[in-house]
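Asks:
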Amino acid sequence: MSEEEKKINFERLTRFKYPPERLFRVYYDIILKHLIFPKISKKFLQNLSFYDAEKLASTIWNNSISEGQTENNNIHRDIIILDIHTFNTRCVLQDLFFTKLPEEFSFEKIARNPVFYDYKLQKEDFNGLFSYDKLYEIIRNRNIFQFQKTNKTLYRANLLIIAEGVTEELLLSEIGKLWGIDFDEAGIQIYGAGGKNQAVKAYNENKDRLNIPILVLFDSDAEENEELIKPILRKEDKIYRIKSGEFEDLLSDSLILNTINDRYKMNITQLKLEDIKKESHRKTEVLNDIFKDNGLGDFKKAEFSKLISQHIMSKEDFSAETDKIMTEIKKMYENKQL
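Position in the sequence shown (first residue = 1) + 80 = my numbering.
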């Protein structure tokens with residue numbers, strides 16, 4: 081593997097993604113692309129155990145660093161510390177090694193791996209096996225990754241926000257800056273589920289996998305979906321249903337006006353505030369009409385969210401309800417850090 085390939089694979093190994101899914105995918109890619117002999121088919125690889133895949137990928141990785149490397153550079157051992165804080169060990173172990181975890185399966189049987197049965201363990205409980213300093217030193221010495229505080233790949237995850245759509249995914253971190261929240265540094269991960277039903281599904285899939293709190297952010301019309309989650313809501317999790325409508329309804333009329341007039345100043349006659357301010361309409365309805373009436377093509381939430389992010393100036397660009405959402409987010413991640 082080239083240095084660039086090692087950097088890319090390291091970044092993939094440290095992303096916020098459920099470990100069994102993340103590790104299998106990266107290990108299999110390494111084996112398929114870089115195993116010289118014997119050549120393994122995709123079909124054979126799919127039936128390979130995690131243990132064998134991890135061992136084979138580690139061998140390829142280590143040999144590409146230095147010929148005759150004797151130090152134990154097990155990728156899984158180096159990376160697992162980044163997951164200790166975040167993911168539920170029973171779920172991870174069950175999905176990696178077992179179809180069903182035996183009830184009598186004890187902490188002592190897995191501690192030496194080192195994969196820990198209880199993710200609540202503090203750093204002092206690692207028995208000197210590894211530490212953040214050791215991990216960073218390994219990375220620096222191999223030139224795999226130049227550690228920078230601003231790089232989110234080495235931040236612990238402290239909070240997952242499950243939102244309905246792409247607008248929240250693209251804008252929440254930008255809005256957070258106005259409230260003094262650096263989402264990367266705070267370890268706040270955002271997942272745009274693609275709809276209110278998908279948000280319920282995402283919560284169901286993640287509530288048992290994660291040791292970090294989850295905030296589910298719904299639009300105002302998701303009352304039934306909220307009721308589906310309430311009976312299974314963990315005590316550390318929260319549901320926030322936007323009272324003013326959709327997430328786009330948190331955007332001020334002036335922010336939308338300035339964004340459209342600046343981006344499309346060569347295409348349309350400058351809009352006025354009354355073109356945006358229509359009390360009985362959702363912002364997405366207004367924007368759909370504006371784009372259609374002015375020949376700007378279809379209104380696309382993702383593209384417009386990127387434009388909005390470039391024109392955000394102050395808290396006044398958002399409704400008062402935005403402050404409530406940001407306050408809840410800040411409280412949840414700060415509680416996790418305690």
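Positions of the beta carbon are idealized from the N, C-alpha and C atoms, including for glycine.
Taking CB distances under 9 Å as the criterion, tell me whether Asn238 reaches chain B.
Replies: The displayed structure is made up of one protein chain only, and chain B is not part of it.
Asks: Going by beta-carbon coordinates alone, are Ile111 and Ile88 separated by less than 9 Å?
Replies: Position 31 of the sequence shown, counting from 1, holds the residue named residue 111. Position 8 of the sequence shown, counting from 1, holds the residue named residue 88. Not closer than 9 Å, so no.
Asks: Quick check: the stretch 256-264 against the stretch 301-315, are at least 3 beta-carbon pairs closer than 8 Å?
Replies: In short, these stretches do not touch, since the Cβ pair count stays below three.
Asks: Between Phe130 and Phe104, is the Cβ-Cβ spacing less than 9 Å?
Replies: Translated into the one-based positions of the sequence shown, residue 130 becomes position 50. Translated into the one-based positions of the sequence shown, residue 104 becomes position 24. Cβ atoms of Phe130 and Phe104: closer than 9 Å.
Asks: How would you label Asp397, buried or exposed, when you count the other beta carbons within 10 angstroms and need 16 or more for buried?
Replies: Within the sequence shown, numbered from 1, the residue matching residue 397 stands at position 317. Buried, by the Cβ-count rule.
Asks: My output table needs one value for Ala435: the three-state DSSP class, helix, strand or coil.
Replies: Since the first and last residues shown for the chain are 81 and 418, residue 435 lies out of range.
Asks: So Lys372 and Val366 are supposed to be a Cβ contact under 8 Å. How far apart are they, rounded?
Replies: Taking the sequence shown and counting its residues from 1, one reaches residue 372 at position 292. Taking the sequence shown and counting its residues from 1, one reaches residue 366 at position 286. No, Lys372 and Val366 are not in contact; Cβ-Cβ is about 11 Å, not under 8 Å.
Asks: Could you give the residue range of the alpha helix (DSSP H) that holds Phe321?
Replies: Translated into positions along the sequence shown, residue 321 becomes position 241. According to the sequence as given, residue 321 is Arg; it is not Phe. Looking at the DSSP string, Arg321 is not in any alpha helix (DSSP H); the run it does join, the beta strand (DSSP E), is Lys318 to Arg321.
Asks: Hey, would you say Leu439 sits closer than 9 Å to Ile270, going by beta carbons?
Replies: Missing from the structure shown is residue 439; the chain here goes from 81 to 418 and no further.
Asks: Among Arg321, Thr166, Tyr108 and Lys315, whose alpha-carbon lies nearest the alpha-carbon of Asn238?
Replies: Translated into positions along the sequence shown, residue 238 becomes position 158. Cα-wise, what sits closest to Asn238 is Thr166.
Asks: Check whether the stretch 315-329 and the stretch 338-351 are in contact - that is, three or more C-beta pairs closer than 8 Å.
Replies: Contact fails: fewer than three Cβ-Cβ distances are below 8 Å.
Asks: Provide the residue span of the beta strand (DSSP E) that contains Ala243, from first to last.
Replies: Sequence index remark: in the sequence shown, residue 243 carries index 163 (1-based). Segment Leu239 to Ala243, the beta strand (DSSP E) holding Ala243.
Asks: In the structure shown, what three-state DSSP assignment does Ile116 receive?
Replies: For the purposes of this step, residue 116 is taken as the residue at position 36 of the sequence shown. Coil, per DSSP.
Asks: Please report how far the alpha carbon of Ile268 lies from the alpha carbon of Phe117, in whole angstroms.
Replies: Looking up residue 268 in the sequence shown gives position 188. Looking up residue 117 in the sequence shown gives position 37. Each residue's alpha carbon lies about 42 Å from the other.
Asks: From the DSSP output, read off the bridge partner residues of Val296.
Replies: Within the sequence shown, the letter at position 216 stands for residue 296. Val296 is bridged to Ile242 and Ile319.
Asks: Which first and last residues belong to the alpha helix (DSSP H) in which Ala266 is found?
Replies: In the sequence shown, residue 266 corresponds to position 186, counting from 1. Where Ala266 is concerned, the enclosing alpha helix (DSSP H) stretches over Phe263 to Ala266.
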